[in-house]
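Below: one structure, written as structure tokens.
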Amino acid sequence: MSDVELSGHFLVYRDEAGNARIDVRFDGDTVWLTQAQLVDLFDSSKANISEHIANIIDEGELAAEATVRDFRTVRQEGSRQVRRSLTHYNLDMIISVGYRVRSKTATAFRIWATQRLREFIVKGFVLDDERLKNPDLPFDYFDELLQRIQDIRTSERRFYQKITDVYATSIDYDSAAEITKAFFATVQNKLHWAITGQTAAEVVRDRADSAKPTMGLTSWRGDRIRAADIAVAKNYCTEDELRALNNLVEQYLAAREPARGGAMSDVGQHEPTHYFERNHGTAFAVLMDERLPDWRRRRTHRGHVPLRSEEWTAHPSSDQ
58 MSDVELSGHF
68 LVYRDEAGNA
78 RIDVRFDGDT
88 VWLTQAQLVD
98 LFDSSKANIS
108 EHIANIIDEG
118 ELAAEATVRD
128 FRTVRQEGSR
138 QVRRSLTHYN
148 LDMIISVGYR
158 VRSKTATAFR
168 IWATQRLREF
178 IVKGFVLDDE
188 RLKNPDLPFD
198 YFDELLQRIQ
208 DIRTSERRFY
218 QKITDVYATS
228 IDYDSAAEIT
238 KAFFATVQNK
248 LHWAITGQTA
258 AEVVRDRADS
268 AKPTMGLTSW
278 RGDRIRAADI
288 AVAKNYCTED
298 ELRALNNLVE
308 QYLAAREPAR
318 GGAMSDVGQH
328 EPTHYFERNH
338 GTAFAVLMDE
348 RLPDWRRRRT
358 HRGHVPLRSE
368 EWTAHPSSDQ
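This is the structure we're talking about:
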């Protein structure tokens, strides 16, 4: 282990009783505590903490090289300030020790941690609302959170669900009807066209290439590529296209969701494209003018000028 001298950032940790004020060091987006601080944090003894740390490493739960590090710290000893090297343990080790120590403080820590774990298992996410509302740390993940939420919100399945929610306000809505799928394909193709100059099916046709690594895919669901991923147009978009598409979808959903307050009548009697033009066409055009001012020029760049709204529904991909 090498000694590292850092300018420390500190965070105050308190339990529900307001006790255990602990100075911590942030480095590499983690927290580092000394053995003495662990003793104070979990209201335990030095020998007990040492035993738990040794067992955690010996049992292979954590690796010493990844969780233990020496930092040079300045300590006040009498009237002198002395620089000494002290062993620190990172957040992974702190959590593991907290699950092994027997004390009231450690029990409170485990209750807190278990509640968060249960929330994650049930909901799929855990948020510290107060920290996000009132950032006071040297680092902040709010922008990353927004980006991840946007990516989730604009995923094919989530977008399809939102679009059908809007469409469901019509009196004669039928989730199993072909008109419902065609309606989603209409909206989807317009969004793809705005960003790439092609419909979803055309994106797949032109960019899928068995000679390329990952068949030309730039993203896919999970760790492995599956057959279903190949038919999703969004999976072939570049990073810039994905960002623009996500922004456009986000703005489209934000613009359309207020319309869910009242029912739309008899949309099933009309072609879905006509319904789209009547209820969404103007808002979509305004949205496109704001987000992508040159979209009309880009639409004609490839010689495609869909004067009739029916052209948007031709050959939808399997993005839903």
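Going by my numbering, the first residue of the sequence shown is number 58, and it counts up by one from there. Using N, Cα and C, we set each Cβ at its ideal position, and we do this for glycine too.
Taking the C-alpha atoms as reference points, what is the distance between residue i and residue j?
i      : j      : result
LEU148 : PHE182 : 20 Å
ALA239 : VAL154 : 56 Å
ARG281 : TYR293 : 15 Å
LEU189 : GLN255 : 39 Å
ASP263 : ILE209 : 26 Å
PHE199 : PHE177 : 18 Å
ILE152 : TRP89  : 12 Å
SER102 : ALA163 : 12 Å
ARG129 : GLU118 : 27 Å
GLU235 : ARG300 : 30 Å
ASP197 : PHE166 : 24 Å
GLU259 : GLY273 : 14 Å
GLY325 : LEU248 : Model confidence at GLY325 stands at a pLDDT of 39, short of 50, so the residue's coordinates are unreliable and nothing is read from them.
VAL131 : ALA121 : 24 Å
TRP369 : ALA288 : Reliability fails at TRP369, whose pLDDT of 41 lies under 50, so the model's placement of it is uncertain and no value is given.
ASP100 : SER107 : 14 Å
ALA381 : SER136 : Nothing can be reported for residue 381, as the shown portion of the chain is limited to 58 through 377.
ILE114 : VAL139 : 31 Å
ARG141 : ARG159 : 31 Å
LEU203 : LEU310 : 16 Å
VAL261 : ALA93  : 59 Å
GLU201 : TRP169 : 25 Å
ALA233 : THR171 : 41 Å
ARG214 : MET150 : 38 Å
GLN429 : PHE241 : Given that the chain is displayed from residue 58 to residue 377, the structure contains no residue 429 and the question cannot be resolved.
ASN112 : ALA284 : 45 Å
GLN133 : GLY279 : 52 Å
GLU116 : VAL179 : 30 Å
ARG205 : ASP185 : 16 Å
LYS389 : ARG175 : This structure gives no information on residue 389, because the portion of the chain shown stretches from 58 to 377.
GLU187 : LEU95  : 25 Å
Between residue i and the rest of its own chain, which residues show a CB-CB distance below 8 Å, the 5 nearest in sequence each way excluded?
i      : result
GLU298 : ILE252 and THR253
Identify, in the order they occur along the chain, each residue of the same chain with its Cβ nearer than 6 Å to the Cβ of residue i, setting aside the five sequence neighbours on each side.
i      : result
ARG173 : VAL183
THR91  : LEU143 and HIS145
GLN207 : ASN303 and GLU307
GLU328 : Confidence is the limiting factor: at GLU328 the pLDDT is only 38, short of 50, which leaves the residue's position unreliable and the question unanswerable from this model.
ALA104 : none
ALA268 : none
Return the chain-ordered list of same chain residues with a C-beta closer than 7 Å to the C-beta of residue i, the five sequence neighbours on each side being excluded.
i      : result
PHE216 : VAL306
ARG157 : HIS109
ASN191 : none
GLU87  : Per the sequence shown, the amino acid found at residue 87 is Thr instead of Glu. If we look at THR87 and ignore the five residues flanking it on each side, its Cβ neighbours are ASN147 and LEU148.
Round the Cβ separation of residue i and residue j to the nearest angstrom and send it over; I've been treating them as touching at under 8 Å.
i      : j      : result
PHE211 : ASN303 : Looking at the sequence itself, residue 211 is Thr, so the reference to Phe does not match. Going by Cβ atoms, the distance from THR211 to ASN303 rounds to 5 Å, so yes, they are a contact pair.
THR295 : THR271 : With a Cβ gap of about 14 Å, THR295 and THR271 do not count as contacting.
TRP277 : ASP266 : Rounded, the Cβ-Cβ distance is 15 Å, inconsistent with contact.
Return helix, strand or coil for residue i, following the three-state DSSP convention.
i      : result
VAL289 : coil
LEU143 : strand
ALA268 : coil
TYR309 : helix
ALA234 : coil
TRP250 : helix
ARG262 : helix
ILE152 : helix
ARG214 : helix
TRP169 : helix
ASP297 : helix
THR243 : helix
ASP197 : coil
ILE282 : coil
GLN255 : coil
GLY273 : helix
ASP186 : helix
ASN191 : coil
VAL158 : coil
Using a Cβ-Cβ distance under 8 Å, would residue i count as near chain D?
i      : result
PRO192 : Among the chains of the structure shown, chain D does not appear; only one protein chain is present.
Any chance you could list the alpha helix (DSSP H) runs of at least 4 consecutive residues sitting entirely within the stretch 79-139, in chain order?
Along the stretch 79-139, the alpha helix (DSSP H) occurs as fully enclosed runs of 4 or more residues at 92-98, 103-115 and 121-124, listed in sequence order.
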